[in-house]
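Asks: Quick one: the structure is below, and I'll ask about it shortly.
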Amino acid sequence: MRIKELKLHPIAVADGPLRSSYGLHAPYALRTIVEVVTTDGITGISETYGGDGPVGALESVRHRVEGMDPFQLTGFWQYLQGQAREIEAQATSTGARSQTWLVPGENPLDVHTRTNAAIEVACLDAIGKALGRPLCDLVGGKCRDAVPFSAYLFYKHAGGGGMGDDAREDEYGEILTPEAVVRSAKQMVAQYGFKEIKLKGGVLDPDAEMDAIRALRAEFGPSFPLRIDPNCAWSVDTSVRVGLGLTEELSNGGYLEDPCAGMEGMGEVRRRLLAAGVDTPLASNVATTCFAHVPVAKQTDGVQIILSDPHYWGGVRAQQKLSDLCEVLGLGMSMHSNNHLGVSLMTMAHAAAVCPMLTYGCDTHYPWQTEIDEVVVGGRVKFHEGTVVIPDKPGLGVELDYDQVARGEERYRKLPYRKRDDELEMQKHVDPNWKRILPRW
Ligand SMILES: [Mg+2]
């Protein structure tokens with residue numbers, strides 16, 4: 404079996420005006436659907452970041468992928484590592500780049516792991532289809548039959564995403580108060596059955612966000628683990644103040660995610676919380692974004708829970724390596740997400756299913772997208788009591804609906820932008836003078 408053709412489908416997916424410390428989500432999120440078509444007539448699929456950068460990175464490996472045996476993933480990774488060394492050398496000469504200032508998918512130092520993930524998952528999907536086995540079985544089999552996800556809450560303005568005739572219904576309405584946060588959580592929990600809750604913070608004054616977390620605790624009780632993620636919007640002092648103020652609310656399986664920027668700051672927050680008798684774990688997808696960061700997280704005690712993500716850690720097998728590393732180092736593991744459709748959701752589910760250390764409900768933006776944008780046959784992937792059940796189907800367990808993919812490509816073609824820029828969106832729609840300031844509080 405050889406790969407005959409690599410097909411790339413850049414698509415646009417309607418997205419609501421969600422807020423974070425990066426700014427505002429644009430009316431459409433950009434994604435790329437990847438296909439590897441084999442000489443046996445089997446097509447493997449994956450989903451990754453969208454826009455010119457990710458599409459360009461995938462185009463640059465077309466000559467290496469076409470003609471490749473999809474089983475030979477180690478050789479492909481070695482090829483990408485060669486490219487990565489060149490990129491790293493350039494990055495060092497132009498100054499260090501930090502994930503703190505970049506939205507996921509835009510870090511040039513991750514380009515090889517993102518590209519590897521997109522190709523690896525599509526190859527594993529093709530192999531699974533060739534063998535008639537689920538993707539997770541190709542890398543050792545699952546340690547759980549159903550993967551729990553969390554209710555991922557956002558502050559947002561009114562609007563459901565999309566533009567003009569293509570505007571989506573605003574399912575959740577404006578969310579800028581503790582009452583609205585609780586209302587959105589109840590809606591999401593009722594619809595999907597989630598049993599863990601995460602609030603994207605770093606948007607309002609920290610005291611208002613603490614009130615929202617307290618309101619969630621009052622509504623759902625201690626059996627629902629709670630987490631808050633302000634994406635580095637707070638200083639060390641504010642992070643400590645919030646950690647102390649939410650000691651009870653973030654206990655019982657909750658965590659404090661990226662309260663401030665940098666491993667050093669996170670380490671100081673940890674030390675000061677511990678000194679006050681508070682052992683709320685700190686989680687990160689900003690201070691820890693690659694394997695080299697993991698031992699540092701352990702040494703400095705800046706991060707106790709590593710947020711994985713098969714899309715930029717290198718794929719499903721890299722996720723497993725991360726699980727092993729977390730086990731060796733005694734670290735916890737959870738999963739980060741970006742706006743995505745069903746192909747990514749199934750990738751995340753298979754990736755989580757093969758990681759014994761991944762013991763927290765994974766993040767997912769899935770509730771913020773709609774049926775209109777879904778590209779898998781049969782419509783949106785169903786949740787069962789907050790989990791995605793690993794289907795007994797070959798590969799990822801989903802197929803592409805090509806009419807829906809074509810609609811996504813049409814939306815993409817009509818868009819004037821090819822890169823995510825939350826700061827610009829914020830300036831266009833909310834405040835012309837808005838700048839991302841860290842720490843803001
Ligand atoms: Mg995060």
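In terms of the numbering used here, the sequence shown opens at residue 404 and continues consecutively.
Note that CB positions come from ideal geometry on N, CA and C, so glycine has one too.
#1: Kindly provide the chain-ordered list of residues whose Cβ lies closer than 7 Å to any non-hydrogen atom of ligand 1.
#2: In angstroms, rounded to a whole number, what distance separates the CA positions of residue 543 and residue 570?
#3: So for residue 801, helix, strand or coil by DSSP?
#4: Going by DSSP in three states, residue 548 sits in which element: helix, strand or coil?
#5: Kindly provide the ranges of any alpha helix (DSSP H) runs that are 4 or more residues long and lie completely inside the region 659 to 699, ordered along the chain.
#6: Would you mind working out which of 615, 760, 535, 515 sits nearest residue 547, comparing C-alpha positions?
#7: Could you tell me which of 640, 559, 714, 669 sits nearest to residue 704, measuring between CA atoms?
#8: Does the contact criterion of 3 or more C-beta pairs under 8 Å hold for the region 458 to 475 versus the region 621 to 629?
#9: Quick one: is residue 682 buried, meaning 16 or more other Cβ sit within 10 Å of its Cβ, or exposed?
#10: Can you give me the start and stop residues for the alpha helix (DSSP H) that residue 738 sits inside?
#11: Who does residue 632 pair with in a DSSP beta bridge?
#12: Less than 7 Å between C-beta atoms, sequence neighbours within five positions excluded: which residues of the same chain meet that for residue 854?
#13: When you compare the region 717 to 726 with the region 674 to 688, are there three or more beta-carbon pairs, one atom per stretch, that lie closer than 8 Å?
#14: Thinking residue 439 and residue 451 are a contact (beta carbons under 8 Å), I'd like their distance in whole angstroms, please.
#15: May I have the straight-line CA-CA distance separating residue 453 from residue 812, to the nearest angstrom?
#16: Counting C-beta neighbours from all protein chains within 10 Å, is the total for residue 655 16 or more, i.e. buried, or is it exposed?
#17: Is the CB-CB distance between residue 491 and residue 512 below 9 Å?
#18: Our contact map puts residue 784 next to residue 804 with C-beta atoms below 8 Å; I'd like the distance itself, whole angstroms only.
Replies: Here's the rundown:
#1: 632, 634, 660, 661, 688, 689, 710, 739
#2: Locating residue 543 in the sequence shown gives position 140, counting from the first residue. Locating residue 570 in the sequence shown gives position 167, counting from the first residue. For residue 543 and residue 570, the distance between alpha carbons rounds to 43 Å.
#3: Position 398 of the sequence shown, counting from 1, holds the residue named residue 801. Three-state result, residue 801: coil.
#4: On the sequence shown, position 145 is the one that residue 548 refers to. Residue 548: coil per DSSP, three-state reduction.
#5: 666 to 678
#6: Here residue 547 corresponds to residue number 144 of the sequence shown, with the count starting at 1. Answer by Cα proximity: 760.
#7: Here the question's residue 704 lines up with position 301 in the sequence shown. Comparing Cα positions, the closest option is 669.
#8: Here the region 458 to 475 makes no contact with the region 621 to 629; the two share fewer than three CB pairs at distances below 8 Å.
#9: If you number the sequence shown from 1, residue 682 lands on position 279. Counting the other Cβ atoms within 10 Å of the Cβ of residue 682 gives fewer than 16, which makes it exposed.
#10: Taking the first residue of the sequence shown as 1, we reach residue 738 at position 335. Element bounds for residue 738: not the alpha helix (DSSP H) but the beta strand (DSSP E), 735 to 738.
#11: Within the sequence shown, residue 632 is the residue found at index 229, counting from 1. Beta-bridge pairing links residue 632 to 603.
#12: In the structure displayed, the chain extends from 404 to 844; residue 854 sits before or after that span and is not available.
#13: no
#14: For the purposes of this step, residue 439 is identified with residue 36 of the sequence shown, where counting begins at 1. For the purposes of this step, residue 451 is identified with residue 48 of the sequence shown, where counting begins at 1. So it is not a contact: roughly 13 Å between Cβ atoms.
#15: Working through the sequence shown from its first residue, we reach residue 453 at position 50. Working through the sequence shown from its first residue, we reach residue 812 at position 409. Cα-Cα distance, rounded: 11 Å.
#16: Walking along the sequence shown from the start, residue 655 turns up at place 252. The residue is exposed, with fewer than 16 neighbouring Cβ atoms inside 10 Å.
#17: Your numbering for residue 491 matches position 88 in the sequence shown. Your numbering for residue 512 matches position 109 in the sequence shown. In this structure, residue 512 lies closer than 9 Å to residue 491 by Cβ.
#18: For the purposes of this step, residue 784 is taken as residue 381 along the sequence shown, with counting starting at 1. For the purposes of this step, residue 804 is taken as residue 401 along the sequence shown, with counting starting at 1. Wrong, their Cβ atoms sit about 13 Å apart, outside the cutoff.
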